[in-house]
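Colleague: My structure is below; once you've seen it, I'll send some questions.
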Amino acid sequence: MLASCSYDNTIKLFKEEIDDWTCCNTLESHTSTVWKISFDQTGHRIVSCSDDKTLKIWQEYLPGNPEGIDTIGKESAWKCVCTLSGYHNRVIYDVDWSHSNGLIVSACGDECIRVFREEEISDKNQPSFSLVCTQNRAHSQDVNSVAWNPKEPGLLASGSDDGDVKLWEVVLD
């Protein structure tokens with residue numbers, strides 16, 4: 000599966016068919032430009048970030064799912080199951096979902112990096128996430144990129160309009 004984000008406030012999902020890619024789903028819930036998306040380690044959930052200052056969690060539902068979510072034929076359906084709002088003061092430029100520990104990190108135009116964790120008793124169909132860490136003034140200008148290290152849980156890199164790349168270690172209890 001291939002996913003793209005857009006200035007038209009949507010996320011498009013594509014599947015490969017023979018020698019071409021075909022759009023199989025358009026996800027709509029953001030109210031402004033979608034800047035970045037990231038899949039969780041299962042590939043059945045996506046987190047997206049937007050100019051609308053929100054993070055959204057999308058869940059894939061396969062045909063015949065026990066939740067009764069309608070799907071079309073053999074295609075899966077994607078549904079926005081959680082919106083994280085009120086945490087960011089400016090546009091969220093980047094987001095990354097760690098495949099090693101499930102943490103989500105966001106990069107924001109307010110010079111901050113924020114880390115979120117899914118609650119342990121969270122239902123995948125109505126997940127809840129909590130803010131576990133904020134690095135204020137992570138950079139002297141907009142933070143526009145973040146990425147978890149795929150081999151070292153808790154290690155991430157950030158990039159900014161200030162020209163710096165910084166490494167961070169997130170240590171949680």
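Residue numbers for the sequence shown follow numbering that gives the first Met the number 0, beginning at 0 and rising by one.
Ideal placement from N, C-alpha and C gives every residue a C-beta, glycine not left out.
Please report the Cβ distance between valine 142 and glutamate 110, rounded to the nearest whole angstrom; I am assuming they are in contact, meaning their Cβ atoms lie under 8 Å.
Modeller: Going by Cβ atoms, the distance from valine 142 to glutamate 110 rounds to 6 Å, so yes, they are a contact pair.
Colleague: Hey, would you say tyrosine 86 sits closer than 7 Å to tryptophan 34, going by beta carbons?
Modeller: In this structure, tryptophan 34 does not lie closer than 7 Å to tyrosine 86 by Cβ.
Colleague: Give me the DSSP bridge partner(s) of serine 105.
Modeller: According to DSSP, which records beta bridges pairwise, serine 105 is partnered with Val94 and Arg113.
Colleague: Would you call the CB atoms of leucine 54 and leucine 83 closer than 7 Å?
Modeller: A contact, by the Cβ cut-off of 7 Å.
Colleague: Per the contact definition of three or more C-beta pairs closer than 8 Å, is the stretch 2-9 in contact with the stretch 68-79?
Modeller: In short, these stretches do not touch, since the Cβ pair count stays below three.
Colleague: Do leucine 155 and valine 145 have their C-beta atoms closer together than 7 Å?
Modeller: Yes, these two residues count as a Cβ contact at 7 Å.
Colleague: For threonine 25, I'd like the list of residues in its chain whose CB is within less than 7 Å of its CB, leaving aside the five on either flank, ordered along the chain.
Modeller: Once the five neighbours on either side are set aside, the close Cβ partners of threonine 25 are Thr9 and Lys11.
Colleague: Going by DSSP, what residue range makes up the beta strand (DSSP E) through tyrosine 60?
Modeller: Unbroken beta strand (DSSP E) run through tyrosine 60: 54-60.
Colleague: Does DSSP put glutamate 74 in a helix, a strand or coil?
Modeller: Looking at glutamate 74 - three-state DSSP - the assignment turns out to be coil, as it is neither helix nor strand.
Colleague: Count the other C-beta atoms from every protein chain shown that fall within 10 angstroms of the C-beta of glutamate 59, then say buried if there are 16 or more, exposed otherwise.
Modeller: Glutamate 59 is buried by the Cβ-count criterion.
Colleague: Just the C-alpha distance for aspartate 122 and phenylalanine 128, rounded to the nearest angstrom, thanks.
Modeller: Cα to Cα, aspartate 122 sits roughly 11 Å from phenylalanine 128.
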